[in-house]
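Protein chains: 2
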Amino acid sequence: MKNVKIYYGDFHKEEDYEIIFNKNRIDIVFHLISTTIPSSSNKNIIFDIKSNLINTINLLNIMVKYNCKNIIFLSSGGTVYGHPDNMSKKKESDSKNPISSYGIIKLTIEKYLYLFNYLYGLNYLILRASNPFGEYHNNLKQGLIDVILKKVLNREIVEIWGDGTVVRDYIYIKDLVKIIVDLIEKEIQNEIINIGSGRGYSINNIIKIIQNEIGNFHLEYKDARQVDIPYIVLNINKLEKFIDINLTSIEDGIKRTYDSLKKSLIGD
Amino acid sequence: MKNVKIYYGDFHKEEDYEIIFNKNRIDIVFHLISTTIPSSSNKNIIFDIKSNLINTINLLNIMVKYNCKNIIFLSSGGTVYGHPDNMSKKKESDSKNPISSYGIIKLTIEKYLYLFNYLYGLNYLILRASNPFGEYHNNLKQGLIDVILKKVLNREIVEIWGDGTVVRDYIYIKDLVKIIVDLIEKEIQNEIINIGSGRGYSINNIIKIIQNEIGNFHLEYKDARQVDIPYIVLNINKLEKFIDINLTSIEDGIKRTYDSLKKSLIGD
């Protein structure tokens, strides 16, 4: 993808959008931001609404004003579906009962994107990503694989909430980025699409893979968190209809992530 | 239903809830308020979010604080489903793509009620009502049947947006109230239920009924509004599983409404 430029501004400041859109011709907005994570969002729902939902509406209003017609929105495959009724993989059309404000706001933004398309012809591409992991991850609060790898590298104790049976769908970051680029280049618009590996791994599976690929480390099991659903794996049939996908194995993804982390630490 | 008390306060003032909940033991909250209607909500979405969604979260937080465990929420059968893919009656589990911020906020409040039930054991009853009409209606901006009847009584011209083919599900207000009371007395909790007649009438059907039952009047057809979906009728099978319903015919409902309006005008 060519001509990708990054403009800097504060998500909380409408004036910043105004300046950026006024000075530049912007074809596509990538909305990847969130001010909260699932576990924090339930503690201050009003903040979640104001900082994520209202700021997004301000952004959409500015896009309409400056006739910017395309937005890619990273929604959340891990939280919008909520508690599973059964162990089947989640399709885009399945029922949605989030157990975090984070998931509700993602879903609500999806609905507003549909509305802005209906009212103003704004084209959206809603991507319900599963759990990305890999290089450039920069967060010690979120992202199981990256957090474990950093702790392993620092010889810290790895804390697991619950008994490790919680199952998630992980996707290697470079696969996720390539899929997004491919969808944009194919001009897929006004669709809601799950992006994940379509495969479920429990935390214990992930621990075993890391132990096999990298080595042993210290583990501590803590109480489970109410915000964690027991099982979520995405059905990616819709994605596979739009583009060919060729995913990195979780073992390779973990090894590459670890090698890159090691290099960046040595480089410091 | 006994012991129903009305407490007065401002929906925008958290202090008001605080005073009311602090002074009184409240078992059930009836959330029937909206600061917007569908057509107005799209013009100021930020206001819709702040005044309806954030105020509702403030109310729910106060309910949790004072251990009030039950809320009845009047959602919107007419707007949460959005554009129909086909002419079938809408089931509660059908897909939801509102074309108004009003509908999105109703849906989002539904999701937060589910979340508050999950987090705090707050019991909800979400009622997706169709279009109520009848006595005590006090609004000249909304409510086709009542607005027409008032204009007929005042010998004003009745304006219709579009060609009159728009189909809606109408429910006589006394039927709606009885259904709500019956559901509460049966202690139906944590359910989302459509409440309507399950029958569709076009605006032209309604006009013909009023002409037959009451008499002729002047009509003017205007441009259609973007906020009006062409068809929405509710599937009420779920409601019928919970309680026996016995609906007033639309002709009788319209006659009673007209007689009551006439009386109130003569009484003035």
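Taken in sequence, the protein lines are chains Y and E.
Note that our numbering numbers the first sequence so that position 137 is 137, with each residue one more than the last.
Just add 268 to wherever you are in the second sequence, counting from 1, and you've got our numbering.
Cβ atoms here follow ideal geometry from the backbone N, Cα and C, with glycine treated the same way.
Beta-carbon proximity of residue i to residue j, cut-off 8 Å
i, j, result
"K89 (chain Y)", "V233 (chain Y)", "yes"
"I428 (chain E)", "L381 (chain E)", "no"
"L383 (chain E)", "I229 (chain Y)", "no"
"F401 (chain E)", "K454 (chain E)", "no"
"T257 (chain Y)", "D94 (chain Y)", "no"
"L390 (chain E)", "L328 (chain E)", "yes"
"R128 (chain Y)", "S75 (chain Y)", "yes"
"N42 (chain Y)", "V227 (chain Y)", "yes"
"E519 (chain E)", "E481 (chain E)", "yes"
"N194 (chain Y)", "E92 (chain Y)", "yes"
"S51 (chain Y)", "H12 (chain Y)", "yes"
"I373 (chain E)", "I330 (chain E)", "no"
"L499 (chain E)", "G468 (chain E)", "Looking at the sequence shown, residue 499 (chain E) is not Leu but Tyr. For Y499 (chain E) and G468 (chain E), yes; Cβs fall inside 8 Å."
Status (buried if at least 16 other CB within 10 Å, exposed otherwise) for residue i
i, result
"R168 (chain Y)", "buried"
"N407 (chain E)", "exposed"
"R293 (chain E)", "exposed"
"L144 (chain Y)", "buried"
"R225 (chain Y)", "exposed"
"Y170 (chain Y)", "buried"
"D536 (chain E)", "Legend: pLDDT at D536 (chain E) = 49, less than 50; position of this residue unreliable, no value from coordinates given."
"I210 (chain Y)", "buried"
"V420 (chain E)", "buried"
"K531 (chain E)", "exposed"
"K270 (chain E)", "exposed"
"L55 (chain Y)", "Before going further, note that residue 55 (chain Y) is Asn rather than Leu in the sequence given. Buried: at least 16 other Cβ atoms inside 10 Å."
"D244 (chain Y)", "exposed"
Inter-residue Cα distance where the pair is residue i and residue j
i, j, result
"N290 (chain E)", "Y334 (chain E)", "7 Å"
"I301 (chain E)", "L451 (chain E)", "20 Å"
"I340 (chain E)", "Y388 (chain E)", "16 Å"
"G164 (chain Y)", "S202 (chain Y)", "6 Å"
"V80 (chain Y)", "N326 (chain E)", "23 Å"
"S260 (chain Y)", "E135 (chain Y)", "7 Å"
"Q142 (chain Y)", "N131 (chain Y)", "10 Å"
"V297 (chain E)", "I148 (chain Y)", "46 Å"
"G103 (chain Y)", "I448 (chain E)", "30 Å"
"E18 (chain Y)", "I314 (chain E)", "17 Å"
"V158 (chain Y)", "V177 (chain Y)", "28 Å"
"K506 (chain E)", "I456 (chain E)", "12 Å"
"L375 (chain E)", "I236 (chain Y)", "26 Å"
"L393 (chain E)", "Y172 (chain Y)", "42 Å"
"I377 (chain E)", "S101 (chain Y)", "11 Å"
"V166 (chain Y)", "I207 (chain Y)", "12 Å"
"K150 (chain Y)", "D353 (chain E)", "49 Å"
"G464 (chain E)", "E283 (chain E)", "36 Å"
"K273 (chain E)", "D295 (chain E)", "11 Å"
"G77 (chain Y)", "H299 (chain E)", "31 Å"
"D223 (chain Y)", "N204 (chain Y)", "15 Å"
"I20 (chain Y)", "G9 (chain Y)", "8 Å"
"T248 (chain Y)", "I254 (chain Y)", "10 Å"
"Y386 (chain E)", "G483 (chain E)", "53 Å"
"V332 (chain E)", "Y275 (chain E)", "18 Å"
"L533 (chain E)", "H351 (chain E)", "38 Å"
"G162 (chain Y)", "N44 (chain Y)", "24 Å"
"I303 (chain Y)", "H137 (chain Y)", "With chain Y represented from 1 up to 268, any question about residue 303 (chain Y) goes unanswered, as that position is not in the structure."
"D175 (chain Y)", "N246 (chain Y)", "8 Å"
"I460 (chain E)", "F217 (chain Y)", "48 Å"
"M355 (chain E)", "K379 (chain E)", "26 Å"
"T35 (chain Y)", "G466 (chain E)", "43 Å"
Minimum Cβ-Cβ distance from residue i to chain B less than 8 Å
i, result
"E14 (chain Y)", "Given the protein chain composition of this structure (Y and E), no chain B is represented."
Completely contained alpha helix (DSSP H) runs for the segment 37-121 of chain Y, where each covers 4 or more residues
Listed in chain order, the complete alpha helix (DSSP H) runs (minimum 4 residues) inside the segment 37-121 of chain Y are 38-41, 45-48, 55-65, 101-120.
Residues within the segment 297-323 of chain E neighbouring chain Y, beta-carbon criterion of under 9 Å:
Residues of the segment 297-323 of chain E with a C-beta less than 9 Å from any C-beta of chain Y: N310, I313, I314, I317, K318, L321, I322, listed in chain order.
Between the segment 90-111 of chain Y and chain E, which residues of the former have a C-beta closer than 9 Å to a C-beta of the latter?
From the segment 90-111 of chain Y, only S93, S95, K96, N97, P98, I99, S100, S101, G103, I104, I105, L107, T108, K111 have a Cβ closer than 9 Å to chain E.
Going along the chain, which residues of the segment 137-151 of chain Y sit with their C-beta nearer than 9 Å to a C-beta in chain E?
So nothing in the stretch comes that close.
Within 8 Å of chain E by C-beta, residues of the segment 111-125 of chain Y in sequence order:
Cβ contacts with chain E come from K111, Y112, Y114, L115, Y118, L119.
Entirely within the segment 172-208 of chain Y and at least 4 residues each: give me those alpha helix (DSSP H) ranges in chain order.
For the alpha helix (DSSP H) assignment, the uninterrupted runs of no fewer than 4 residues enclosed by the segment 172-208 of chain Y are, from N- to C-terminal side, 173-185.
Could you list the residues in the segment 55-70 of chain Y with a C-beta less than 9 Å from some C-beta on chain E, going in chain order?
Correct list: I57, N58, L60, N61.
Quick one: which unbroken alpha helix (DSSP H) runs of 4-plus residues sit fully inside the segment 131-174 of chain Y? Chain order, please.
Within the segment 131-174 of chain Y, the complete alpha helix (DSSP H) runs of at least 4 residues are 144-153.
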